[in-house]
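Accompanying notes for the structure given below.
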Amino acid sequence: MQWSDDGTGNHDYNLVAVYGGSASSNDRYPVLTMYLFTLHNEKPEVLVTQQNQGNPEGYLYFKPTDNQALASGFASIVNHN
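Here the working numbering runs 15 ahead of the position in the sequence shown, where the first position is 1.
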């Protein structure tokens, strides 16, 4: 993965934007969410994590978002629709 100002690059994932924030109204135990807006093999893909603990590998794990409205909106932006 690499940062890309315009979505082009020679990596599998070219990162064009990041968003993070609280996904809950529980101030004591908020659910924090981080989105990565990428072009994965030249196709728009939004990755998400709500991981809040470390792990033995020291990795932060992301998966494609289940939020279809967000994924479709990002694809529309990328595809100039």
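Idealized CB from N, CA, C, for every residue including glycine. Keep in mind the model is a prediction, meaning the values are calculated, not measured.
Query	Result
Name, in chain order, the residues that DSSP records as bridge partners for G36.	T48
State the DSSP-derived secondary structure class of Q17, mapped to helix, strand or coil.	strand
One question on the structure: do G22 and L54 come within less than 7 Å of each other, judged by their Cβ atoms?	yes
Which residue marks the beginning of the alpha helix (DSSP H) containing L85, and which one marks its end?	83-93
Report the CB separation of P59 from A32 in whole angstroms; it is logged as a contact under 8 Å.	Not a contact, Cβ separation roughly 11 Å.
What does DSSP give as the partner residues of Y28 in its beta bridges?	H55
To which residues of the same chain is P71 closer than 7 Å at the C-beta, ignoring the five residues directly before and after it?	none
Spatial neighbours of N29 within its chain, please: C-beta separation below 7 Å, excluding the five flanking residues on both sides.	Q17, S19, G22, T23, T53, L54
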